[in-house]
Every structure is written in structure tokens, then in C-alpha cells.
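Presented below is the structure to which this report refers.
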Amino acid sequence: MQRDIESLITQYVNRYNSGENVDRTYRNSLQAAGNLNLQDVSREDMEQVMRPFLYSWGRMGRILGQSKFADWRENLAQAARRNASLLERYSATDLADAKLNTERPLIEHLYDSFRNAVGQVAATKSLHLLSPGFFPMWDTAIALSARKERGGGSVTVVAAQEFSKEDYYQFVGQVRSFIAANSLVISLMAERYGKTKVKIVDEVLWWATQRPLCLIL
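My numbering puts the first residue of the sequence shown at 20, with every later residue one more than the last.
Right, here's the structure in full:
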């Protein structure tokens, strides 16, 4: 069974990274985000750094185009400034080494702060870009699948599915457990492609939920 899982991880990650110029926007955005001064980050920084990532790479244009997120750039900048020291600490932290029970209030606080600014999916993408080794990303399909695994049963899909701060904290724990259970192959893939282990897990989950028939079609 373990060999089967390791084989799937390797196959999914290699497939994800097989395209020419794959993740160029992600890598460019990651580098740009790393140069931000979060203590003094501005609306213009969000336009220049976060918008290409969220719109082009994350495909969040439809969500962020809603009237309730009209001021998302300023709101996200404010959330980042208020939590700058915390985000900087997490940017130097590997999720695999963290003791999540002590981090829970902070993880939930950051998720709620960013969710208020950009919504529940873009919040995780924004947190990841600022602290890529610690915060995992999700989309609706991944969040629903993770919730289903935690509940051990089916989950009803609705158009406006809500994912709470507890959902996100539990998801962070699931990703950490997955890394711990498959540390050798995930570390190998991370080194091969120059990415964090958290990003490698994202690629595995994306293939598993978005392309479930990729091995036979």
C-alpha cells in the first residue's frame, strides 16, 4: 500500500510539472512576495504582486470581481500589515516541524483575517504565497474532499459551500500528516522541482480531485 501511495505521489507531481513553463507565474509571484515588506505593504503591492497570482494562476477573477470584494487589495494589505510579524514567523517555518495544537488560534485567526478580505479560497492562496512552507492551499473540491475524509462519509455539495476557520485548521493538520506519512517521496519531489513540501502536496491533491480519471483516460 505504501509503495502504491508513493507511486501515485510521484506520478501526480511529475504530471503536474510536465508542461512547458508550468508554474512560471507561481514562481515569479513567490519571488515577488518574498521581497515585500509586510510591515508597510500597500494596496499597490497587492495589485502588482498578488493580483497576477490570484487572477492568472489561482483563477480567482470571478470571485474577486464580486462587489463585496471591490476593495480586496486594500483589505488584503491591511490584513497583511496587521499580521506582519506572525506571517514573517511562519514564512521561516516548515509545516512538517510545527506543533499544530499550539498554533491553532493563530492559524484560525490568520485564515479568518484573510477570508474577510478575499474569501475562503483566495485566503489560503494568499497565505501560502506569503508563507509557502507552512500554509497549504485549497479550492472548493479539495476542501470538500478533505472534509469528507475527516467525516468518514459523503458530503453534500452546494453552490455556496462554507469552510470555517476550524475546517482550515483541520485541513492544515491533514496536510501535515500526509507529509509525515510520505516524507521521503515528498522531500524528493520538493528537491527535484525546487518547491516546498506543502506545494508538492497541493499538486498531489489537485490531480487527485480535479483529474480523478487521469490514469485511465
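For every residue, glycine included, the Cβ atom is placed at its ideal position computed from N, Cα and C.
query, result
"Neighbourhood of Ile198 by C-beta, 8 Å cutoff - its chain only, sequence neighbours within 5 removed", "Leu114, Ala115, Ile205, Lys216, Val217, Val220"
"Leu7 vs Gln180 beta-carbon contact at 8 Å", "Lying before the first or after the last residue shown, residue 7 is absent from the chain, which here runs from 20 to 236."
"Pro124 - containing alpha helix (DSSP H), residue span", "119-137"
"Check whether Glu168 and Gln193 have beta carbons under 8 Å apart", "yes"
"Span separating the alpha-carbon of Asp42 from that of Arg123", "30 Å"
"8 Å contact criterion, which Asp72 and Ser48 should meet: CB distance rounded", "For the record, residue 72 in the displayed sequence is Phe; it is not Asp. The Cβ separation is near 4 Å, so the contact holds."
"Alpha helix (DSSP H) segment containing Ser86, residue limits", "Run containing Ser86: none; DSSP gives neither H nor E here."
"Leu105: first and last residue of the uninterrupted alpha helix (DSSP H) it sits in", "103-110"
"Residue burial classification, Ala111 (beta-carbon count within 10 angstroms, cutoff 16)", "exposed"
"Rounded separation between Arg92 and Ala51 - CA only", "16 Å"
"Candidates Val137, Ala141, Ala103: closest to Leu125 by CA position", "Ala103"
"Proximity of Leu57 and Glu107 at Cβ, strictly below 8 Å", "yes"
"Status (buried if at least 16 other CB within 10 Å, exposed otherwise) for Ala200", "exposed"
"Sequence-distant residues of its chain with Cβ nearer than 7 Å to Thr159 (five each side left out)", "Val140, Gln180"
"Status (buried if at least 16 other CB within 10 Å, exposed otherwise) for Leu224", "buried"
"Three or more C-beta pairs below 8 Å linking the region 129-138 and the region 76-91", "yes"
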